[in-house]
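A quick write-up on the structure given underneath.
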Amino acid sequence: MKLKFISDLPYQRRAIDSVVGIFKGQPMKQSNFTVSYGEEAGMLQTDLGVGNRLELTEVKVLRNVQEIQVKNGLAKSETLDGMNFTVEMETGTGKTYVYLRTIYELNRKYGFSKFVIVVPSVAIREGVHKSLEVTKQHFTELYDRTPLEYFVYDSDKLDQVRNFATATAIQVMIINIDAFRKSFDDPDKEDKSNLIHRANDRMNGYRPIEFIQQTNPIVIIDEPQSVDTTPKSKEAISSLHPLCTLRYSATHVETYNMVYRLDAVDAYNEKLVKKIEVMSVRSEEDHNLPYMKLIEVKPGKAKLELDVETRGKVKRTAKMVKNGDDLFDVSGGRELYRNVFVEQIDWTEGSESIEVNGNRLAIGGHVQDDLKRYQIRKTIEEHLDKELQLKPKGIKVLSLFFIDKVANYRDYDRNGRPVPGMYAEIFEEEYSKLIRKPKYRGLFEDIDEEAGQVDRIHNGYFAQDKKGILKDTKGNTAADTDVYSLIMKEKERLLSLDEPLRFIFSHSALREGWDNPNVFQICTLKDSAGTYISRRQEIGRGLRLAVNQAGKRVEDYNINTLTVMANESYEEFVANLQKETEEQTGIVFGKIEKHTFAKLGYFNPENDELQTLGYDKSAELYNWLKAAGYLDRKDKATGSLKEALENGGLALPDEFSPWTSAIMREMNHIVNSLPIKDATKKRKVKLNKAVLDSADFLDLWEKIKYKTVYSVDFDSEELIKKAVAGISSMPKIDRVRIISRKDRISGIDRLSGVQGAMTSERVEDYVDSGHVLPDIITELQNRTNLTRKTIVRILAACGRLDDFKNNPQKFIEESSKIIQREMRLLLADGVRYHKIGDGAYYAVELFNNEELLAYLNDNALPSRKSPFDYVLYDSYTIEAKFAERFENDPDVKVYVKLPGWFKIETPVGNYNPDWAAVITKDSEEKLYFVIETKGTNIESGLRPDELAKIKFAKKHFEAIDTELAFAGPESDVHEFMLKVNG
């Protein structure tokens, strides 16, 4: 099985383009079609090899960064303060893929070829190495077989460092921070320094790091909050002499010049990761079960762990006991231990044990903790339920258990032989019971055989000591290396249905650097306080969207649900997760800042471009909200803002009217908390056969069910004509200028300080004749996907090639914008839809296969008029309002929230409309509608791809010609119903 990668995910492209844009204005790399001599763009010949060369000033880089920040709605950097740049991406959204592809893009565009990836741990190092391995074919196809060589730094293989410096192909070195941060500048401590800092005969007397330094590498820091949080680590990074550092994480501690941000809230709301549901597994009161665990045995006495009450508080405590002791007294008078006595203590070597009320306990043994057993049972049950749903779809289900002590899963007898620990025994007992339930029998060919081989389906991943004994670690020791390597190499094998392993137990090895797209259940079994795993770390192991047996990502969001078995209440889990998110990411829920709305835009039909609000107007809106009392002194949304948003009573000043829908959508997004579901309120949605079989619904389905194909009538001659006209009439592009200005001091006083007055200013045209002009044909071809012949015809006829000589970068950007705009307009006009025939349609029987889950009081509304007993919605402010009105309005006969499999193909991706309904007008005429709901009913307020899909959908329904009306975008159900009855 091989994982398949998607190359056109918009959010990943934005992250890549944001980093590439930092270097806008850097001379472009020459293509294979260009003949040039001397050093190529982006490359520098050094004494020890070939390095990266940057030709931009810090002033130009800062200007680029500020432009990117405004576009992405981020706080503006007033100064650059070093070449360090931050990218924030939530766990599970493809951070590693993004920075690996950014390497290829920086090489393709600017010729940069030397990259060092610095990681904090063995886990992440192995994960990066594995990612380079599995993406190699994907990137080879994507970048026309551009060679890239990668290796993990090994002090025993210093020839790799020499090759890194001398090779001209893209070079990527992965190195752990611990490999180069020790005593690197102190000759007196050379014997204690890392080998990379010591002179070496094999390197002609040079220190290995000198080879790296002379390449001016672009340093990519993976998880910088764990890499360079100390002065020594920061110094170590600087010792690499980086051209710049690119910092990638979901949880930055320090943010330097942030250029892209995809935070936890964005990732959840945009469905880029699995949705999270919490199954709260806890007793009404902690310590309400008679817990006992044997710690050690000595002659005549034993150490027994109990739940002991002291001054009104109950704490799990180890107590020494002897024969005849009443555990009621030992526990501080807890009623649970009344009449529970120590009856016998055996300290014979190899038979150490005690007997309590007839229960024999060996060392490590315990009287069962029913809460842990219940957690394990519910995790298995949830797992098997998912297998019933997903196995027929070719999707492997994995469950992950985090435990606090290795011995609780796997222990050793006195001869050093491994024996099952408490959790392993409970797991096998509960699994063997559950698979005998009638509803699970279809999953197994032979129940008895499955029960007899239960040990094959679970395993533990733990570090080992030198004798091979499993041990507790924090996940960052040398002992972890082998287990990381093992599980990283098995990542794809774990996804195969042929591999029986489905349940994974780990202490800390899977805390960071490892995740698997098909982890659907996570259970933390805490025997005591002090686990290393935070809630964000827990869920991070299973956030990535699932893949099927073909290695393809599963897009169905109903499938992509991560269930967390929490031993705290749903409310506590959500509150604590939100608190952790704020502490670790800097997100403050409900906070609005001056730059918050800068990136928002509307689609201007006059120039076919996105008109962004910008930083200054965003600050004006912030000030208005503050003055109106919608923000408190800490810039958090007040109750009055939330109420106004819910009731639709927020009226913005007229100057913001073109951006109103985008602003409202952003504010609703900000005031909402993390969308975590309560699994205890989960219900399976049932078919409403009365509606599904009704004449009204069958008539509606008959009108919307047909499939179409589209063709594109694209006139190349018309495109060339329009592109030539657009480029010919665009504003003149002048040569790059140097402005010199002379000022004199006109006065100085204590109040206003030094004052000056300009005496002269002069403009000089400046052309750097040393630069080879970039290959404009290839560059425009990459940006537009047109043929070289078409590009040449446009350039030859436009009459503006002198402008290209004046400022190549600006000319390429402006002309590509014009060509892309004309292509979009021609594409929209040239698409034609055709009904395939009466035999190609979505059968109504497909509703029988629909498996939906509702979360009561959250995303579901009871229904009498739709094909299911609950209607599921994504947005309370829009979709829920439509569902409520449709349910209660007598003019609406039947309606349906169209399922995910009801798709219309368009040139910009598949489209799934929101609703279909039968509505009567004047209590007589039946009207049939397909309805698209959005946050605005103004087309300019939609993103270009949203607007394009709606326009193509209208053409689709016109083509099937079944007297059906397509309505959209609609944002207000009451206005929609007035139009219907108008």
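Heads up: the sequence shown is residues 2 to 983, going by the working numbering.
Glycine included, C-beta positions come from ideal geometry on N, C-alpha and C.
These numbers were taken from a predicted model, which means no experiment stands behind them.
>> With a threshold of 8 Å between beta-carbons, can Arg-15 be considered close to chain C, or not?
In response: Absence of chain C from the displayed structure is noted, only one protein chain being present.
> Using a Cβ-Cβ cut-off of 6 Å (strictly less than) and excluding sequence neighbours within five positions of Glu-429, which residues of its own chain qualify?
Replying inline: So the qualifying residues of the chain are Val-455.
>> Am I right that Asn-519 and Val-548 are in contact with their C-beta atoms under 8 Å? What's the rounded C-beta distance?
In response: At roughly 7 Å, the Cβ-Cβ gap stays under 8 Å, so Asn-519 and Val-548 are in contact.
> In the structure shown, what three-state DSSP assignment does Gln-215 receive?
Replying inline: Under the three-state reduction of DSSP, Gln-215 is assigned to coil, being neither helix nor strand.
> Using a Cβ-Cβ cut-off of 6 Å (strictly less than) and excluding sequence neighbours within five positions of Phe-24, which residues of its own chain qualify?
Replying inline: Cβ neighbours of Phe-24 within its own chain (closer than 6 Å, five residues either side excluded): Tyr-111.
> Along the chain, which unbroken stretches of the beta strand (DSSP E) at least 3 residues long are found entirely within the segment 800–886?
Replying inline: The qualifying runs are 832–836, 854–856, 861–863, 871–873.
> Given 8 Å as the limit, is there contact between the segment 943–959 and the segment 886–898, that is, 3 or more CB pairs closer than that?
Replying inline: Too few Cβ pairs lie closer than 8 Å, so no.
> How is the alpha helix (DSSP H) around Glu-426 delimited, first residue to last?
Replying inline: First-last of the alpha helix (DSSP H) with Glu-426: 423–435.
>> Between Phe-152 and Tyr-105, how many whole angstroms is the CB-CB distance? I'm expecting something under 8 Å.
In response: Contact doesn't hold; Cβ gap of about 17 Å is too wide.
> Three or more C-beta pairs closer than 8 Å, one from the segment 169–177 and one from the segment 109–123: is that the case here?
Replying inline: Here the segment 169–177 lies against the segment 109–123, with 3 or more beta-carbon pairs under 8 Å apart.
> In chain order, what residues of the same chain lie with their CB nearer than 8 Å to the CB of Leu-563, ignoring the 5 residues before and after it?
Replying inline: Correct list, in chain order: Lys-275, Lys-276, Ile-277, Glu-278, Val-520, Phe-521, Gln-522, Ile-523, Ile-540, Gly-543, Leu-544.
> What distance in whole Å lies between the Cβ atoms of Glu-823 and Lys-723, which are believed to be in contact at a cut-off of 8 Å?
Replying inline: About 4 Å separates the two Cβ atoms, so the contact holds.
> Three-state secondary structure (DSSP) at Gln-390?
Replying inline: Helix, per DSSP.
>> Output needed for Ala-268: all residues of its chain with C-beta closer than 6 Å, excluding positions within five of it in sequence on either side, in chain order.
In response: Excluding positions up to five away in sequence, the list reads Glu-91, Thr-94, Val-274.
> DSSP on Gln-376, reduced to helix/strand/coil?
Replying inline: DSSP places Gln-376 in helix when its eight states are reduced to three.
> Using the beta-carbon count (16 or more within 10 Å), is Pro-419 buried or exposed?
Replying inline: Residue burial is scored here from C-beta neighbours: Pro-419 has fewer than 16 other C-beta atoms within 10 angstroms and is therefore classed as exposed.
>> For Ala-841 and Lys-708, I'd like the C-alpha separation in whole angstroms.
In response: Using only the alpha carbons, I get a separation of about 6 Å.
>> Strictly by DSSP, which residues pair up with Glu-150?
In response: Per DSSP, Gln-172.
>> In the DSSP assignment, the alpha helix (DSSP H) including Trp-916 goes from what residue to what residue?
In response: No alpha helix (DSSP H) holds Trp-916; the beta strand (DSSP E) holding it covers 916–922.
> In whole angstroms, what separates the C-alpha of Trp-702 from that of Glu-583?
Replying inline: The C-alpha of Trp-702 lies about 47 Å from the C-alpha of Glu-583.
>> Going by the DSSP bridge assignment, what does Met-321 pair with across the sheet?
In response: Bridge partners of Met-321: Lys-304.
> Does the segment 64–79 come close enough to the segment 6–24 to have 3 or more Cβ pairs within less than 8 Å?
Replying inline: At 8 Å Cβ cutoff, the stretches touch.
>> Can you tell me whether Val-1 is buried or exposed? The criterion is at least 16 other CB atoms within 10 Å of its CB, across all chains shown.
In response: Limits of the chain in this structure are 2 at one end and 983 at the other, which puts residue 1 out of reach.
> Of the residues Val-220, Glu-621, Thr-80, which one's Cα is nearest the Cα of Glu-59?
Replying inline: Nearest to Glu-59 by C-alpha distance, out of Val-220, Glu-621, Thr-80, is Thr-80.
>> Using the Cβ count rule (16 or more neighbours within 10 Å means buried), how would you classify Leu-409?
In response: Just to set this straight, residue 409 is Asn in the shown sequence, not Leu. Asn-409 comes out buried.
> Going along the chain, which residues of its own chain have a beta-carbon closer than 6 Å to the beta-carbon of Leu-651, five neighbours each way excluded?
Replying inline: For Leu-651, same chain residues with a beta-carbon under 6 Å away, outside a window of 5 residues either side, are Ala-645 in chain order.
> What is the rounded straight-line gap between the Cα of Val-909 and the Cα of Asn-108?
Replying inline: Annotation: Val-909 to Asn-108 spans about 28 Å, alpha carbon to alpha carbon.
> By how many angstroms is the C-alpha of Asp-655 removed from the C-alpha of Thr-624?
Replying inline: It should be pointed out that residue 624 corresponds to Asn in this sequence rather than to Thr. It is roughly 15 Å from the alpha-carbon of Asn-624 to the alpha-carbon of Asp-655.
> Taking buried to mean at least 16 other C-beta atoms within 10 Å of its own C-beta, is Tyr-38 buried or exposed?
Replying inline: In this prediction, Tyr-38 has a pLDDT of 37, which is less than 50 and means its spatial position is unreliable; what the coordinates show is noted afterwards. The residue in question, Tyr-38, is exposed, as its Cβ has fewer than 16 Cβ neighbours within 10 Å.
>> Using the three-state DSSP reduction, which class does Asn-982 fall into: helix, strand or coil?
In response: Coil at Asn-982, not helix or strand.
> From which residue to which residue does the alpha helix (DSSP H) around Met-668 run?
Replying inline: Residue range 661–672 is occupied by the alpha helix (DSSP H) that includes Met-668.
> Leaving out five residues before and five after Arg-208 in sequence, what residues of the same chain have Cβ atoms less than 8 Å from its Cβ?
Replying inline: Non-local C-beta neighbours of Arg-208 in its own chain, meaning closer than 8 Å and more than five positions away in sequence, comprise Ile-197, His-198, Arg-199, Ala-200, Asn-201, ordered along the chain.
>> For the structure I just gave you, are there three or more beta carbon pairs, one from the segment 333–349 and one from the segment 391–404, closer than 8 Å?
In response: Too few Cβ pairs lie closer than 8 Å, so no.
> Assuming Leu-862 contacts Ala-844 under a Cβ cut-off of 8 Å, what Cβ separation, rounded to an integer in Å, is found between them?
Replying inline: The pair is not a contact, with the Cβ atoms about 26 Å apart (cut-off 8 Å).
> From Gly-983 to Lys-922, what distance separates their C-alpha atoms?
Replying inline: So the alpha carbons of these two residues sit roughly 9 Å apart.
> Skipping 5 residues on each side, what residues in its chain have a beta carbon closer than 6 Å to that of Arg-102?
Replying inline: So the qualifying residues of the chain are Ile-17.
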